[in-house]
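K.L.:
Just so you know, the protein sequences line up as chains V and D, in that order.
The first sequence begins at 1 in full-length UniProt numbering and counts up by one.
The second sequence begins at 1 in full-length UniProt numbering and counts up by one.
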Amino acid sequence: MKLITHNMLTSKAIKNVKEGFPLRIQADEVRNVDIEFDREFISRMIPKLDWNALIFAAQCVGHQEDLPETLPEGYDNDDELLKKLHHILLEVEVINGCLECPETHRKFPISNGIPNMLLNEDEV
Amino acid sequence: MMKLKELEGYLQGVESFDKPKISLEQYETPSHIASRMVHTIQSSFGDLEGKTVADLGCGCGMLTVGAALLGAGVCFGFDIDADALSICQGNVEEILESPSVELLQADVKTLGSSACRFYKFFDTVILNPPFGTKNNQGTDIEFLKVALSLARTAVYSLHKTVTRAHITKKAEDWGVKMQVMAQLRYNLDSSYKFHKKKSVDIEVDFIRFSKK
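1) Of all Cβ atoms in chain A, is any one closer than 8 Å to the Cβ of V/P102?
2) Using a C-beta cutoff of 8 Å, does D/G73 count as contacting chain V?
3) Can you round the beta-carbon distance between D/T161 and D/D205 to whole angstroms, since I take them to be within the 8 Å contact cut?
4) Roughly how many angstroms lie between the CA atoms of D/R164 and V/M117, to the nearest whole one?
5) Do D/V125 and D/A106 have their C-beta atoms closer together than 8 Å?
6) Decide if D/A182 is buried, meaning its Cβ has at least 16 other Cβ atoms within 10 Å, or exposed.
7) At a CB-CB cut-off below 9 Å, which residues of chain V make contact with D/A34?
8) Can you give me the C-alpha to C-alpha distance between D/S44 and D/V38, rounded to a whole angstrom?
9) What span of residues does the alpha helix (DSSP H) with D/E94 cover, start to end?
10) D/Q86 versus chain V: which residues are under 9 Å apart at the beta carbon?
11) Can you tell me the Cα-Cα spacing of D/G66 and D/A34, whole angstroms?
12) How many angstroms separate the CA atom of D/Y27 from the CA atom of D/F17?
13) What are the residues in the segment 32-53 of chain V lying within 9 Å of chain D by C-beta distance?
14) Pairing CB atoms from the segment 3-22 of chain D with CB atoms from the segment 83-95 of chain D, are three or more of them under 8 Å?
15) Quick one: is V/K18 near chain D, going by C-beta distance under 8 Å?
16) If we define contact as Cβ-Cβ less than 8 Å, is V/L71 a contact residue for chain D?
17) Is V/G20 helix, strand or coil by DSSP?
18) Within 8 Å of any Cβ in chain D, is that where the Cβ of V/L82 sits?
19) Based on Cα-Cα distance, which residue from D/E203, D/L103, D/P129 and D/R208 lies nearest to D/V176?
20) From the beta carbon of D/T64, is the nearest beta carbon of chain V less than 8 Å away?
21) Have a look at the DSSP bridge pairing and note the partners of V/E40.
Structure follows, in C-alpha cells:
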C-alpha cells in the first residue's frame, strides 16, 4: 500500500463511526520501490490530498522527511518538495501491517501490500 | 506510445484465474480485447498516460496491467476476492518494471457514496463488470453507477450488446453521454462446467461514458 492510498481510505462505513479518518498505519514491513517522477501528475494530485493525513501517514511509517506543516503556496514550482512528495506518496510501500480505525480501533489487515477493507455484515 | 502488437504481447502473459468463482462471475478479459480497449483509450482520448486510473473488479489485472503499460500515473485495482488479487499482484510484478499500481480488497458496490473519499478522485475508470446474468441481475449497472461517481473525465466499460437499449436509457437518466466505441465478439471459453458448448460467443459493446 502506497501512502497516496492511505489518504483516500476511511472506516466511515462501520456502524456509528463519524469520520473514520485518518486511519492509523501500523507498518510491520515497508519497502521502497522506484517510480518514474512525473511532475505534472504529482502537482495535479496534491490538491486532492488531505495534508494533515499525509503528514500523519508519513510519521506512522517513519518517513516524515521534514515535510512542511502546511502545504506551501507555489508548491507546483518547488521541485524539491514535489520530488519529496513523489517519494512519500508513490515509492514508500507498506507490505505488511494494518490500518486502524481511529474511533473503534477495528483493524484492516495489509498483507502482501494489499489492504483488506472488507467489513462483516454485522459491522455496517 | 507502445504499439498495439507489443501491448498485446505483454497482456498475453497475464496469468488467469486458478479456480474461477461462479458467484463472482470471474472470467478473464481476453488479451486480444483488453489490448484494443486500452490502446483506444489512450490513442483516441489520451485518458491513460499520466492519469489517475481505477479498474473496478480488476480480477487478475488484465486491464490494470494494460493501463499501467500505457503510462497511467497510478492505476488502482479494486476487487473483492483475495485469490484474484494475489494472482493480479503476481502479474503486476512479473510484467511491469516500475509498477505504479495499487491493489485494494474492497466491495466495489460500497464505493459509490459521495462520502467515499474516492468520489471523483480518478480521471478515468475502466471496468469489465460482471454481466449480472447468473442470479445477480443488475450487477453491471451497479458497477457502472459506481464507476461514474468515481470518475472525473470518462468511464470505459463492457456490456452485453443485447442490453444496449437498457444502458442507453440509464445513461439518459444519469445525464451522461454514451458512445459505443466498438461491438466485439467475446469468446467465453468453457471456464465453467455449466457451459455446455466448448465455447460460447457473446456480443459485447465497448462503451465510453463522459459528461454531456
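Just so it is clear, CB atoms sit at the ideal spot from N, CA and C, and this is done for glycine as well.
P.N.:
Based on what the coordinates show:
1) Chain labels in this structure do not include chain A; the protein chains are V and D.
2) Locating residue 73 of chain D in the second sequence gives position 73, where the first residue counts as 1. Interface residue, yes.
3) Locating residue 161 of chain D in the second sequence gives position 161, where the first residue counts as 1. Locating residue 205 of chain D in the second sequence gives position 205, where the first residue counts as 1. Going by Cβ atoms, the distance from D/T161 to D/D205 rounds to 5 Å, so yes, they are a contact pair.
4) Within the second sequence, numbered from 1, the residue matching residue 164 of chain D stands at position 164. Within the first sequence, numbered from 1, the residue matching residue 117 of chain V stands at position 117. Whole-angstrom Cα-Cα distance: 33 Å.
5) If you number the second sequence from 1, residue 125 of chain D lands on position 125. If you number the second sequence from 1, residue 106 of chain D lands on position 106. Not a contact, by the Cβ cut-off of 8 Å.
6) Numbered from 1 along the second sequence, position 182 holds the residue referred to as residue 182 of chain D. By the 10 Å Cβ count, D/A182 comes out exposed.
7) Position 34 of the second sequence, counted from the start, is the residue given in the question as residue 34 of chain D. Within chain V, no C-beta atom comes less than 9 Å from the C-beta of D/A34; the nearest is roughly 22 Å away.
8) Working through the second sequence from its first residue, we reach residue 44 of chain D at position 44. Working through the second sequence from its first residue, we reach residue 38 of chain D at position 38. Looking at the two C-alpha atoms, the distance is approximately 10 Å.
9) On the second sequence, position 94 is the one that residue 94 of chain D refers to. Run containing D/E94: A82 to I95, per the alpha helix (DSSP H) assignment.
10) Position 86 of the second sequence, counted from the start, is the residue given in the question as residue 86 of chain D. The amino acid occupying residue 86 of chain D in the given sequence is Ser; Gln does not appear at that position. Under the 9 Å cutoff, chain V gives N112 and I114.
11) Within the second sequence, the letter at position 66 stands for residue 66 of chain D. Within the second sequence, the letter at position 34 stands for residue 34 of chain D. Computed Cα separation, rounded: 7 Å.
12) As a first step, residue 27 of chain D must be located in the second sequence, where it is residue number 27. As a first step, residue 17 of chain D must be located in the second sequence, where it is residue number 17. Answer to the nearest angstrom: the Cα atoms are 7 Å apart.
13) Answer set for the segment 32-53 of chain V: V33, D34, I35, E36, D38, E40, F41, I42, R44, M45, K48 and D50.
14) In short, these stretches touch, since the Cβ pair count reaches three.
15) By one-based count along the first sequence, residue 18 of chain V stands at place 18. So, not an interface residue.
16) Counting from one through the first sequence, the residue named residue 71 of chain V turns up at place 71. Judged by the 8 Å Cβ criterion, V/L71 is not in contact with chain D.
17) Counting from 1 along the first sequence, the entry for residue 20 of chain V is found at position 20. Judged by DSSP in its simplified three-state form, V/G20 adopts coil rather than helix or strand.
18) Along the first sequence, read from residue 1 onward, the residue named residue 82 of chain V stands at position 82. Under the Cβ criterion of 8 Å, V/L82 is not counted among the residues facing chain D.
19) Locating residue 176 of chain D in the second sequence gives position 176, where the first residue counts as 1. Looking at the Cα atoms, D/R208 is the closest of the given residues.
20) Taking the first residue of the second sequence as 1, we reach residue 64 of chain D at position 64. Chain V, which has no Cβ nearer than 8 Å to the Cβ of D/T64, makes this no.
21) The residue labelled residue 40 of chain V in the question sits at position 40 within the first sequence. Bridge pairing for V/E40: absent [DSSP].
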